[in-house]
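Trainee: Heads up, the sequence shown is in our numbering, so the first residue is 7 and it goes up one at a time. Got a structure for you, written out below as structure tokens; questions coming shortly.
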Amino acid sequence: MNAGVIGIGRYVPEHVVTNHDLEKRMDTSDEWIRTRTGIEERRIAKDFDTSDLAYEAAMRSIEDAKIKPEEIDLILVATVTPDKPFPSVATMLQDRLGANRAAAMDISAACAGFMYGMVTAKQFIESGAYKHILVIGVEKLSKITDWEDRNTAVLFGDGAGAVIMGPVSEGKGILAFELGADGSGGKHLYQERGKYIYMNGREVFKFAVRQMGESAINVIEKAGLVKEDVDFLIPHQANIRIMESSRQRLELPEEKMSKTVHKYGNTSAASIPISLVEELEAGKIKDGDTIVMVGFGGGLTWGAIVLKW
Ligand code: ACO
7 MNAGVIGIGR YVPEHVVTNH DLEKRMDTSD EWIRTRTGIE ERRIAKDFDT SDLAYEAAMR
67 SIEDAKIKPE EIDLILVATV TPDKPFPSVA TMLQDRLGAN RAAAMDISAA CAGFMYGMVT
127 AKQFIESGAY KHILVIGVEK LSKITDWEDR NTAVLFGDGA GAVIMGPVSE GKGILAFELG
187 ADGSGGKHLY QERGKYIYMN GREVFKFAVR QMGESAINVI EKAGLVKEDV DFLIPHQANI
247 RIMESSRQRL ELPEEKMSKT VHKYGNTSAA SIPISLVEEL EAGKIKDGDT IVMVGFGGGL
307 TWGAIVLKW
């Protein structure tokens, strides 16, 4: 039995903050942000907390999968910006969705969190223990962003993406994965309790370029495939230059890589599922396509998946 995606949903807040808006608040420029990161604007949640963003995406994915909330066995929420340290966002959703049979927990793996969530779900489904698992990547990074710090404030945004995972037909679903961590790099990207994001951008950049490329190649090999078999790449949307380096490593043409970073900035755990949903809705991913998803983040952590659609 193979685990795959049987329903999708996304939600981004309506409030748009452009680079020009940021120019008025701090010593930066639209030109600097565009050329260094590829970001043009981002969405900021005003009245919504993390669980509200997650709820909106989750509802859409449940509807898309044509299941009832009572049929969900497990809820996994990848986030580093939960409403509260506890209870988890996942348990808040369990109640709000009426998923009365579901177990629930959050996963903390920063921007690689959604990869960790999907791989965890795969184990439960393929062992036969569970049938339907709701996996969400969601962040409200705006609440841990120092709006006085131009080094970080220009990068992040809020949003949520969700999938329902379940059994899919032979040859489809997750064909291979790689997860990893290097805690010695934790000092480059972290948040002290009650404080804002700290980031050593150059160190994270170097790590990201190396790891995104390597993980993408590793996971393709693990699936018994070669670069030429890949139809579409969904990299974590942190910075267009990092994304481009992984695309070039796979020798894919530009139109074969998902790009949503210009609209939403870096939404951490939400960026890969938001991109997946947008590309599917735009018709860029077709039945039978081989997709590589790859993420990296604070921890340091990384994860990659080959998904046969
Ligand atoms: N506007 C204008 N100037 C700026 C800004 C800004 N917003 N931010 C920094 N600068 C300045 C710096 O102060 C520096 O000036 P100096 O040379 O006088 O000191 C100059 O621009 C160049 O700074 P660099 O850090 O060398 O710029 P770089 O090209 O490395 O780009 C960036 C910086 C975009 C942060 C890049 O390093 C990066 O993307 N790193 C990875 C970040 C990332 O992906 N983080 C998320 C990880 S995922 C997660 O878990 C959340």
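For each residue, glycine too, the CB sits at the ideal point set by N, CA and C.
Phe92: buried (16+ other C-beta within 10 angstroms of its C-beta) or exposed?
Mentor: Phe92 is exposed by the Cβ-count criterion.
Trainee: My guess is that Gly309 and Tyr122 are in contact by the Cβ rule of under 8 Å, so how many angstroms apart are they, rounded?
Mentor: Right, their Cβ atoms sit about 6 Å apart.
Trainee: Should His138 go down as buried or exposed, given a rule of 16 or more other Cβ atoms within 10 Å for buried?
Mentor: By the 10 Å Cβ count, His138 comes out buried.
Trainee: Quick check on Met65: does DSSP put it in helix, strand or coil?
Mentor: In the structure shown, Met65 sits in a helix (DSSP, three-state: H, G or I).
Trainee: Just mark Asp112 as buried or exposed, buried being the case when its beta carbon has 16 or more other beta carbons within 10 Å.
Mentor: Asp112 comes out buried.
Trainee: Per DSSP, what kind of secondary structure is Arg253 in: helix, strand or coil?
Mentor: Helix.
Trainee: In the DSSP output, which residue or residues are listed as bridge partners for Val83?
Mentor: Paired residues: Asp112 and Ile142.
Trainee: Would you kindly work out how many angstroms separate the C-alpha atoms of Tyr17 and Ala63, rounded to a whole number?
Mentor: Between Tyr17 and Ala63, the C-alpha separation is close to 5 Å.
Trainee: Does at least one heavy atom of the ligand ZN sit under 7 Å from the Cβ of Trp153?
Mentor: You won't find the ligand ZN in this model; what it holds is the ligand ACO.
Trainee: Under DSSP, the alpha helix (DSSP H) around Leu99 begins and ends at which residues?
Mentor: Start and end: Val95 to Leu103.
Trainee: Can you give the beta carbon distance from Ile240 to Glu285, rounded, assuming they're within the 8 Å contact cut?
Mentor: Confirmed, about 7 Å.
Trainee: I'd like the list of long-range same chain contacts for Met299, defined as Cβ closer than 6 Å, with 5 residues on each side in sequence excluded.
Mentor: Correct list, in chain order: Ile240, Ile278 and Ile311.
Trainee: Tell me the rounded alpha-carbon separation between Ser251 and Arg107.
Mentor: Computed Cα separation, rounded: 43 Å.
Trainee: Gly10: which of Lys178, Leu282 and Asp293 sits nearest, CA to CA?
Mentor: Residue Lys178 is the option with its Cα nearest to Gly10.
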